[in-house]
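> Protein chains in written order, with my numbering: chain W, 6 to 405; chain R, 6 to 405.
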């Protein structure tokens, strides 16, 4: 069997199947590493080094074959796929798990002037720009207004990066005290509240906490268009910005649309057993699977991981001639962190945590899910230091 | 006063003077960070992330002014220097501490085909090439011989990188088992023994330990010339190499020669009080200072740090009208690590350590001297993991 995509879903599936007698697992990905995407905002704001967020796929699933490459064609009848370098790889079962990419909704100027945060490279670029701008302002290469940061999108990613940038700006006060008052963060969200998938109470709490960190939150305001140095809002207001982070939307990559009907987010509609036919399974962010109430399941790691494990079991059942039961998502709840000792956690049973306790729960869960022992230890050390040395500790530096 | 160079010497001097009444300290460097150079070989072999080895200069010396820039001209009479961007900076006391660079001794092909390890960028390039080659070989883009590594230079740096590459190759066996036998390390040294500044016993021990790790050690053999894929030795032998690391020599940068007479390594000859006249002090790798027996002091961090602190005291004494005593180096001994639980330590009192104890001493000292709390903690975590998970833990991955 062949798995395309070494994200949370693809690797969860591979881990369950690799090493089983009678099943050869091949994993294909453009990169030789898995990215721990939920923490990319910490790379973008100098909290963690990139090595902590990239985990070798070969080391992650020892029993599997890893093949670095980009899939350019899928021949469903012949059950073969072709990589960009011409290699042809046959499959009996194919699991598609390529994840999602950022989407600009066609907003003019976003692609040219905003930074996204869907990859190590993009998060690294944000970090570089945030830190470099201080020096550029000091040397007179950019005006003081360049220290203003605008974040677009009030979901968990937008909230997390806004809070982390505010904390970074506070920490940079020690190195560039004269520019402290020029630095700012504005978070723009088109809907009526932040974290729309959470309860209203959690939304309000997140806004209050961000404002407490000094973030200006603008709700009910969409971005009309962007220029290199400013963001034009639907309200007519124009925000000056030295750095614009776009966290307003993700969608499945367009390249896979040809395989079947898709939803608004380019996600492939699959059967209740996550199948497309012809031995193809689709999981994670690129699969449109109705959840409770008929709305598609959210594009989050826990859905992808549960689907990956489900497909692994389903393939084994099929081979044994056993019938399949539909995939059922077990909602484990959701969490978003806002800053140091600031977070919101909600479980499906109605438990709601806020503040330090929520933040500790968030910390614990993320450390637990970090794939590698080395990363886990190193992240703990970095976080411990971030926490203990708050405001006095050194920050990451620009390394060209 | 102005300090050029934010290495061990420059920062040791700045730390002692910054914040003292009556003394304004300005530090100039091309990079906004100090590099912890003794551990660059660990970045080059995937042991530590680059963030652990780069420390923000502004955060390191809070009372000082930091100016990023490159010095292009020194006007001794007017006591002014000029940066590449045209800025003119006056000084009353000027401390030159720009360190050293790699030198090829004019050996043909070295500049084109060998990698050096004097900066974060160079160490990063070695790491990238070492890891990427495995994938290139797997994809058939390079022959298996590309996994052969040749290191030139049997000083501490050459010994350290050879041992670390051998250990990396061993760890990569888990991810690329089929290429294990193709990978190798050869260390070439022109002199009769490794670590020439150590005792013969330590030299022999280092060679035995490297050979135990699988490194081929070639003594009494110089490099004649290099081509992209092979190294020609003075013995007539030709070594195939996919990666060539040049650790055979360092010298002071040529740009500063005009300031006065220099020694064979381009180092400026200074007075016993480390002065050049006109309020200029020279310290660290770029200063030629006779040590015991008349030989110039070695180009190592402890010399630079002692000289930095000496000059700080000397400047204060001069301002107070007190006479200066000549700089005297307190030899603290030397150490080189060969691999996990393999190292040699020698103190001037004759204490010699080898093996685990020496390695632990090496670990402790390096953790102690790492400038920042964050780095110290993060390095301990990474080393702990490297040590505990030896051979089974994940390695760093290639991040493009």
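By construction, the Cβ of each residue, glycine as well, lies at the ideal position given by its N, Cα and C atoms. Small disclaimer: the values here were computed from a predicted structure and weren't measured.
1) Got a sec: is the Cβ-Cβ distance from residue 209 of chain R to anything in chain W below 7 Å?
2) When the cut-off is 7 Å and only beta carbons count, does residue 28 of chain R lie next to chain A?
3) Which class does residue 227 of chain W belong to by DSSP, given the choice of helix, strand or coil?
4) Thinking just about the alpha-carbon of each residue, which of W:22, W:348 and W:352 is nearest to the one in residue 359 of chain W?
5) Compare the C-beta of residue 61 of chain R with all C-beta atoms of chain W and state if any pair is closer than 7 Å.
6) Which whole runs of the beta strand (DSSP E) in the stretch 106-131 of chain W are 3 residues long or more, in chain order?
7) May I ask you to list, following chain order, the residues of the stretch 45-57 of chain R that have a beta carbon less than 8 Å from some beta carbon of chain W?
8) Tell me, please, whether the stretch 228-246 of chain W touches the stretch 180-194 of chain W by the rule of three or more beta-carbon pairs shorter than 8 Å.
9) Could you check whether the Cβ of residue 23 of chain W sits closer than 7 Å to any Cβ belonging to chain R?
10) Any beta-carbon of chain R closer than 7 Å to the one on residue 185 of chain W?
11) DSSP on residue 159 of chain W, reduced to helix/strand/coil?
12) Short of 8 Å in beta carbon distance, which residues of its chain neighbour residue 21 of chain R, apart from the five on each side in sequence? Order them along the chain.
13) Between which two residues does the alpha helix (DSSP H) holding residue 13 of chain W run?
14) So, is the C-beta of residue 212 of chain W closer than 7 Å to a C-beta in chain R?
15) Residues of chain R with CB under 8 Å from residue 232 of chain W, in chain order?
16) By a C-beta neighbour count over all protein chains shown, 10 Å radius and 16 as the cutoff for buried, is residue 43 of chain R buried or exposed?
17) In its own chain, which residues sit with a C-beta less than 7 Å from the C-beta of residue 383 of chain W, not counting the 5 before and 5 after it?
18) Measure the alpha-carbon distance for residue 388 of chain R versus residue 52 of chain R and round it to whole angstroms.
19) Counting only beta-carbon separations shorter than 7 Å, does residue 152 of chain W have a partner in chain R?
20) Would residue 242 of chain R pass as an interface residue toward chain W - the criterion being a Cβ-Cβ separation below 7 Å?
21) Curious, which full-length beta strand (DSSP E) runs of at least 3 residues does the stretch 273-349 of chain W contain?
22) Can you check which of these residues, R:354, R:19 and R:8, is closest to residue 34 of chain R by C-alpha distance?
23) Would you please verify whether the beta carbon of residue 402 of chain R is less than 7 Å from any beta carbon of chain W?
24) Within 7 Å (strictly less), CB to CB, does residue 125 of chain R reach chain W?
25) State the start and end residues of the unbroken alpha helix (DSSP H) segment that holds residue 373 of chain W.
26) Would you mind working out which of R:258, R:18, R:145 and R:274 sits nearest residue 76 of chain R, comparing C-alpha positions?
27) Output yes if chain R places a C-beta closer than 7 Å to the C-beta of residue 309 of chain W; else output no.
28) Tell me which same chain residues have a C-beta within less than 7 Å of the C-beta of residue 296 of chain W, skipping the five on either side of it?
29) Is residue 32 of chain R helix, strand or coil when you go by DSSP?
30) Below 8 Å, how does it come out for the stretch 244-254 of chain R and the stretch 99-113 of chain R: are there three or more Cβ pairs, yes or no?
31) Classify residue 388 of chain W as helix, strand or coil using the three-state DSSP reduction.
32) According to DSSP, what are the bridge partners of residue 234 of chain W?
33) Taking DSSP's pairing of strands, which residues face residue 101 of chain W in a bridge?
34) Considering only DSSP beta bridges, list what residue 192 of chain W is partnered with.
35) Strictly below 7 Å CB to CB, what residues from chain R border residue 38 of chain W?
So, from the data block:
1) Numbered from 1 along the second chain, position 204 holds the residue referred to as residue 209 of chain R. Output row for residue 209 of chain R: interface = no.
2) This model lacks chain A altogether, as its protein chains are W and R.
3) The residue you call residue 227 of chain W lines up with position 222 of the first chain. Coil, per DSSP.
4) Translated into positions along the first chain, residue 359 of chain W becomes position 354. Nearest option by C-alpha distance: W:348.
5) Locating residue 61 of chain R in the second chain gives position 56, counting from the first residue. True, the Cβ-Cβ gap to chain W drops below 7 Å.
6) none
7) 54, 55, 56 and 57
8) yes
9) Residue numbering aside, residue 23 of chain W sits at position 18 when the first chain is read from its first letter. Taking Cβ atoms only, chain R never reaches closer than 7 Å to residue 23 of chain W, which makes this a no.
10) By 1-based counting over the first chain, the position of residue 185 of chain W is 180. No, its Cβ sits nowhere closer than 7 Å to a Cβ of chain R.
11) Your numbering for residue 159 of chain W matches position 154 in the first chain. The answer is coil: DSSP assigns residue 159 of chain W none of H, G, I, E or B.
12) Within the second chain, the letter at position 16 stands for residue 21 of chain R. 313, 314, 317 and 318.
13) As a first step, residue 13 of chain W must be located in the first chain, where it is residue number 8. Residue 13 of chain W -> alpha helix (DSSP H) spans 13-22.
14) For the purposes of this step, residue 212 of chain W is identified with residue 207 of the first chain, where counting begins at 1. Closer than 7 Å: no.
15) Walking along the first chain from the start, residue 232 of chain W turns up at place 227. Residues of chain R passing the Cβ test: none, with the nearest at roughly 28 Å.
16) For the purposes of this step, residue 43 of chain R is identified with residue 38 of the second chain, where counting begins at 1. It is buried - the Cβ of residue 43 of chain R has at least 16 other Cβ atoms within 10 Å.
17) What you label residue 383 of chain W is simply residue 378 of the first chain in a count that begins at 1. Cβ neighbours of residue 383 of chain W beyond the five flanking positions: 57.
18) Position 383 of the second chain, counted from the first residue, corresponds to residue 388 of chain R. Position 47 of the second chain, counted from the first residue, corresponds to residue 52 of chain R. Distance between the alpha carbons of residue 388 of chain R and residue 52 of chain R: 8 Å.
19) Looking up residue 152 of chain W in the first chain gives position 147. Chain R, which has no Cβ nearer than 7 Å to the Cβ of residue 152 of chain W, makes this no.
20) Translated into the one-based positions of the second chain, residue 242 of chain R becomes position 237. No, because no Cβ of chain W sits closer than 7 Å to the Cβ of residue 242 of chain R.
21) 280-282, 285-287 and 339-344
22) One-based indexing of the second chain puts residue 34 of chain R at position 29. Comparing Cα positions, the closest option is R:8.
23) Stepping through the second chain from its first residue, residue 402 of chain R is reached at position 397. By this cut-off, residue 402 of chain R is an interface position.
24) Counting from one through the second chain, the residue named residue 125 of chain R turns up at place 120. For residue 125 of chain R, the answer is yes, since a Cβ of chain W falls inside 7 Å of its Cβ.
25) On the first chain, residue 373 of chain W is found 368 positions in, with the first residue counted as 1. Per DSSP, residue 373 of chain W belongs to the alpha helix (DSSP H) from 361-374.
26) Residue 76 of chain R sits at position 71 when you count from the first residue of the second chain. Measuring from the Cα of residue 76 of chain R, the nearest candidate turns out to be R:258.
27) Within the first chain, the letter at position 304 stands for residue 309 of chain W. So, not an interface residue.
28) By one-based count along the first chain, residue 296 of chain W stands at place 291. Result list for residue 296 of chain W: 302 and 334, in chain order.
29) To locate residue 32 of chain R, count along the second chain from 1; it is residue 27. Looking at residue 32 of chain R - three-state DSSP - the assignment turns out to be strand.
30) yes
31) Counting from 1 along the first chain, the entry for residue 388 of chain W is found at position 383. Of the three classes helix, strand and coil, the one that applies to residue 388 of chain W here is helix, per DSSP.
32) Within the first chain, residue 234 of chain W is the residue found at index 229, counting from 1. The partner list for residue 234 of chain W (beta bridge, DSSP) is empty, contrary to what the question assumes.
33) In the first chain, the residue the question calls residue 101 of chain W occupies position 96. According to DSSP, residue 101 of chain W bridges with W:9 and W:287.
34) Here residue 192 of chain W corresponds to residue number 187 of the first chain, with the count starting at 1. DSSP, once it has assigned bridges, lists W:156 and W:222 as partnering residue 192 of chain W.
35) Residue 38 of chain W sits at position 33 when you count from the first residue of the first chain. The answer, in chain order, is 402 and 404.
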